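Under this note's numbering, think of the first position of the sequence shown as 1354, with each following residue one higher. Remarks on the structure that follows.
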Amino acid sequence: MKKLVGIITVLALFTSVASAELLKNFKANGSIEVLSITADNAVFFNKDTNDKYSETEARVVVGATFDLNDDVDAKITAIKTDQQYGSGTTQDANDILSAFEFYEAYINLKGVLGMDHRIGKQFYGTPGDMVIYYGPSAWYARYLGASNMEGWTANYKKDKLTVGAITGKALESTNNTMNDIDLYGVTASYDLYEYLNPGFYYYQKDDRSTFLSPIRLSVMGVKANGKVAGFNYAAEYAMNGGSDHGLTTDMNYRGTLMHLNADYGLEVGFGKFVFMGKYVMGSGDKTTGNKDDKQFRPINPNYRPGLILGGTGTGAFTTITSPSNLTTMTYGANFTPNKWDGKLNLDAKMVMAKYTEATLDGLGNEIDFVTTWNHSDDVTLKLALARFSPDKDIAILAKKDAVNLVNFYANVKF
1354 MKKLVGIITV
1364 LALFTSVASA
1374 ELLKNFKANG
1384 SIEVLSITAD
1394 NAVFFNKDTN
1404 DKYSETEARV
1414 VVGATFDLND
1424 DVDAKITAIK
1434 TDQQYGSGTT
1444 QDANDILSAF
1454 EFYEAYINLK
1464 GVLGMDHRIG
1474 KQFYGTPGDM
1484 VIYYGPSAWY
1494 ARYLGASNME
1504 GWTANYKKDK
1514 LTVGAITGKA
1524 LESTNNTMND
1534 IDLYGVTASY
1544 DLYEYLNPGF
1554 YYYQKDDRST
1564 FLSPIRLSVM
1574 GVKANGKVAG
1584 FNYAAEYAMN
1594 GGSDHGLTTD
1604 MNYRGTLMHL
1614 NADYGLEVGF
1624 GKFVFMGKYV
1634 MGSGDKTTGN
1644 KDDKQFRPIN
1654 PNYRPGLILG
1664 GTGTGAFTTI
1674 TSPSNLTTMT
1684 YGANFTPNKW
1694 DGKLNLDAKM
1704 VMAKYTEATL
1714 DGLGNEIDFV
1724 TTWNHSDDVT
1734 LKLALARFSP
1744 DKDIAILAKK
1754 DAVNLVNFYA
1764 NVKF
């Protein structure tokens, strides 16, 4: 596998023989992930139709980091996700190499003008973020894919203050047209006290991918997190700005997002419990036909509430990855026993979901159970069971039998 990483590195960066000095401090890394899912009643909500399917897919990630000089290092990450088990497609060595796609290929300028700068293809954001995230999909996503952006990000840190910036492209159509999607943003956070760490962000997406319908969408938000009386908490509020003033559209974005969550850890003689609660409300648009769109519009969200709701999806709705026009309440607990040196973790959650604004607003309730075995830092196994009970509002042909899901996931790092 390290040989493969080396081949990919050379193919990506060089058209001639590179000097040995260029690969100074070369480090290879990667992972192999396998996800198997079996779902029952997910397509028609009808237990009498033998409505059952199963799939297995893999994601292979290979990467490398190395120094270009004392002030600049580089990173590349290539991902292969093109095959499902049983597809019948065979690949030779050339096919396998061609199937890898580069999602990261950037240089990092360290301490230039007091900041670190990343230039090139890169991931951005935190998994699960409700406003913006570019990176590998969650382990329980129906398809183990990834996304990225291309551009420049910078990070400045002094004492307790951290400031970030981003400008780049999510889509470049061609060199001679303007049908692109451009990104801009600034972030700031301050490590004030243990009980209060405030933050701010502003992102803007200029979307001209639809001909003669330019969209300028912005999201401005404030957030805070901390620890009070043993409780870890996080709070976030965001609102939209911008407009869509095309030939056939005339709309101003006025949506809002509210997010609250807390957890509490309790250590007992035989292990540790963590109890959590989470509330998310992305506004919907109650009144259509006017110039204000009050449905919350994120930039590129990654909110996945539940193994079915946010993972496999159903016949009544596709996989949920956005809080737009969505209200969810999640309760959960997980337990890590002292036995086996903390390698075992048991997690249970209940998600209640509905559309924020809709004539038929019900979605349903989901219960998830996940058992995780961390054999080592490099080997992780998960077995998950989930059950989604659809609301009558999303019944399919008057049927609303529960959806059952079994997931098996393995991750081997190298």
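For every residue, glycine included, the Cβ atom is placed at its ideal position computed from N, Cα and C. From a predicted model like this one, the values you see are computed outputs, not experimental measurements.
Check N1447 in the structure and name its three-state DSSP category.
-> Your numbering for residue 1447 matches position 94 in the sequence shown. Three-state result, N1447: helix.
Helix, strand or coil for G1695, going by three-state DSSP, please let me know.
-> Within the sequence shown, the letter at position 342 stands for residue 1695. Helix, per DSSP.
To the nearest angstrom, how far is it from the Cα of M1705 to the Cα of A1711?
-> On the sequence shown, residue 1705 is found 352 positions in, with the first residue counted as 1. On the sequence shown, residue 1711 is found 358 positions in, with the first residue counted as 1. Approximately 16 Å between the Cα atoms of the pair.
Bridge-paired residues (DSSP) for Q1557 | Residue mapping note: residue 1557 aligns to position 204 of the sequence shown, counting from 1. For Q1557, which the question treats as bridged, DSSP gives the partners Y1537, S1571.
Supposed close pair S1675, P1658 - CB separation, criterion 8 Å = Numbered from 1 along the sequence shown, position 322 holds the residue referred to as residue 1675. Numbered from 1 along the sequence shown, position 305 holds the residue referred to as residue 1658. S1675 to P1658, Cβ: 10 Å. No contact.
Which stretch, first to last residue, makes up the beta strand (DSSP E) that contains S1407?
-> The sequence position of residue 1407 within the sequence shown is 54, counting from 1. Residues 1405-1420.
Spatial neighbours of D1544 in its chain, beta-carbon cut-off 6 Å, leaving aside the 5 residues before and after = Position 191 of the sequence shown, counted from the first residue, corresponds to residue 1544. Excluding positions up to five away in sequence, the list reads K1513, N1550.
For the 8 Å Cβ check, are there 3 or more pairs between the segment 1643-1650 and the segment 1683-1691?
-> no
Are L1388 and Y1762 touching if we call contact CB-CB under 8 Å?
-> Within the sequence shown, the letter at position 35 stands for residue 1388. Within the sequence shown, the letter at position 409 stands for residue 1762. Contact: yes.
With DSSP run on the structure shown, which of helix, strand or coil describes N1660?
-> One-based indexing of the sequence shown puts residue 1660 at position 307. Checking the sequence shown, residue 1660 turns out to be Leu, not Asn. L1660 falls in the coil class under three-state DSSP.
Within this structure, are the beta carbons of M1502 and L1462 separated by less than 8 Å?
-> Counted from its first residue, the sequence shown places residue 1502 at position 149. Counted from its first residue, the sequence shown places residue 1462 at position 109. Not a contact, by the Cβ cut-off of 8 Å.
Below 8 Å on the Cβ atoms is my guess for F1767 versus A1755; work out the distance and round it to an integer in Å.
-> By 1-based counting over the sequence shown, the position of residue 1767 is 414. By 1-based counting over the sequence shown, the position of residue 1755 is 402. F1767 to A1755, Cβ: 39 Å. No contact.
Go ahead and label G1521 buried or exposed: buried means 16 or more other beta carbons lie within 10 angstroms of its beta carbon, across all protein chains shown.
-> Counted from its first residue, the sequence shown places residue 1521 at position 168. Label assigned to G1521: buried.
Residue closest to R1607, alpha-carbon to alpha-carbon, out of A1381, D1638, I1390, F1397 | Translated into positions along the sequence shown, residue 1607 becomes position 254. R1607 has its Cα closest to that of D1638, out of A1381, D1638, I1390, F1397.
Residue of L1738, W1492, Y1554 minimising C-alpha distance to G1478 | Your numbering for residue 1478 matches position 125 in the sequence shown. It is Y1554.
For the segment 1615-1626 against the segment 1578-1589, are there 3 or more C-beta pairs whose distance is under 8 Å?
-> yes
Neighbourhood of G1498 by C-beta distance below 6 Å, restricted to the same chain and skipping five residues each side | Position 145 of the sequence shown, counted from the first residue, corresponds to residue 1498. T1434, S1490, listed in sequence order.
Determine the direct distance from the alpha carbon of F1379 to that of V1723, and round the result to whole angstroms.
-> Here residue 1723 is taken as the residue at index 370 of the sequence shown, counted from 1. Here residue 1379 is taken as the residue at index 26 of the sequence shown, counted from 1. Whole-angstrom Cα-Cα distance: 37 Å.
Three-state secondary structure (DSSP) at A1452?
-> Counting from one through the sequence shown, the residue named residue 1452 turns up at place 99. Correct three-state label for A1452: helix.
Distance between I1432 and D1533 (C-alpha atoms, nearest Å) | Walking along the sequence shown from the start, residue 1533 turns up at place 180. Walking along the sequence shown from the start, residue 1432 turns up at place 79. Looking at the two C-alpha atoms, the distance is approximately 24 Å.
For K1356, does the three-state DSSP call read helix, strand or coil?
-> For the purposes of this step, residue 1356 is taken as the residue at position 3 of the sequence shown. Because K1356 carries a pLDDT of 47, less than 50, the predicted location of this residue cannot be relied on, and no value is offered for it.
Going by DSSP, which residues form a beta bridge with Y1459?
-> The sequence position of residue 1459 within the sequence shown is 106, counting from 1. The partner list for Y1459 (beta bridge, DSSP) reads K1428, G1473.
What number of angstroms, rounded off, separates the C-alpha of L1524 from the C-alpha of D1560?
-> Residue 1524 sits at position 171 when you count from the first residue of the sequence shown. Residue 1560 sits at position 207 when you count from the first residue of the sequence shown. For L1524 and D1560, the distance between alpha carbons rounds to 9 Å.
Can you find at least 3 beta carbon pairs, one from the segment 1590-1597 and one from the segment 1624-1631, that sit closer than 8 Å?
-> no
Would you grab the beta carbon distance between Y1556 and S1571 for me? Rounded to a whole angstrom, and I think it's under 8 Å.
-> Locating residue 1556 in the sequence shown gives position 203, counting from the first residue. Locating residue 1571 in the sequence shown gives position 218, counting from the first residue. The pair is a contact, with the Cβ atoms about 7 Å apart (cut-off 8 Å).
From the DSSP output, which residues share a beta bridge with L1738?
-> By one-based count along the sequence shown, residue 1738 stands at place 385. For L1738, which the question treats as bridged, DSSP gives the partners F1722, V1759.
Can you give me the start and stop residues for the beta strand (DSSP E) that V1516 sits inside?
-> Indexing the sequence shown from 1 puts residue 1516 at position 163. Taken as a continuous stretch (DSSP letters only), the beta strand (DSSP E) holding V1516 covers 1514-1524.
Thinking L1649 and G1635 are a contact (beta carbons under 8 Å), I'd like their distance in whole angstroms, please.
-> Walking along the sequence shown from the start, residue 1649 turns up at place 296. Walking along the sequence shown from the start, residue 1635 turns up at place 282. According to the sequence shown, residue 1649 is Phe rather than Leu. The pair is a contact, with the Cβ atoms about 4 Å apart (cut-off 8 Å).
Rounded C-alpha distance that separates L1699 from I1568 | Translated into positions along the sequence shown, residue 1699 becomes position 346. Translated into positions along the sequence shown, residue 1568 becomes position 215. For L1699 and I1568, the distance between alpha carbons rounds to 44 Å.
For T1681 and A1748, the rounded distance between their alpha carbons = As a working note, residue 1748 is residue 395 in the sequence shown. As a working note, residue 1681 is residue 328 in the sequence shown. So the alpha carbons of these two residues sit roughly 19 Å apart.
Please report how far the alpha carbon of S1407 lies from the alpha carbon of G1439, in whole angstroms.
-> Here the question's residue 1407 lines up with position 54 in the sequence shown. Here the question's residue 1439 lines up with position 86 in the sequence shown. When rounded, the distance between both Cα atoms is 11 Å.
Do A1427 and M1468 come within 8 Å of each other at the CB atom, strictly closer than that value?
-> As a first step, residue 1468 must be located in the sequence shown, where it is residue number 115. As a first step, residue 1427 must be located in the sequence shown, where it is residue number 74. Not a contact, by the Cβ cut-off of 8 Å.
Taking V1415 as the reference, give the member of L1679, I1673, A1458, Q1437 with the closest Cα.
-> In the sequence shown, residue 1415 corresponds to position 62, counting from 1. When each option's Cα is compared against that of V1415, the closest is A1458.
Going along the chain, which residues of its own chain have a beta-carbon closer than 8 Å to the beta-carbon of G1806, five neighbours each way excluded?
-> Because residue 1806 is not part of the residues shown, which for the chain are 1354 to 1767, the question remains open.
Quickly, what does DSSP pair H1612 with across the bridge? List them, please.
-> Locating residue 1612 in the sequence shown gives position 259, counting from the first residue. Paired residue(s): E1589, V1633.
Option nearest P1654 by Cα separation, candidates S1677, T1641, A1669, T1665 | As a working note, residue 1654 is residue 301 in the sequence shown. Measuring from the Cα of P1654, the nearest candidate turns out to be S1677.
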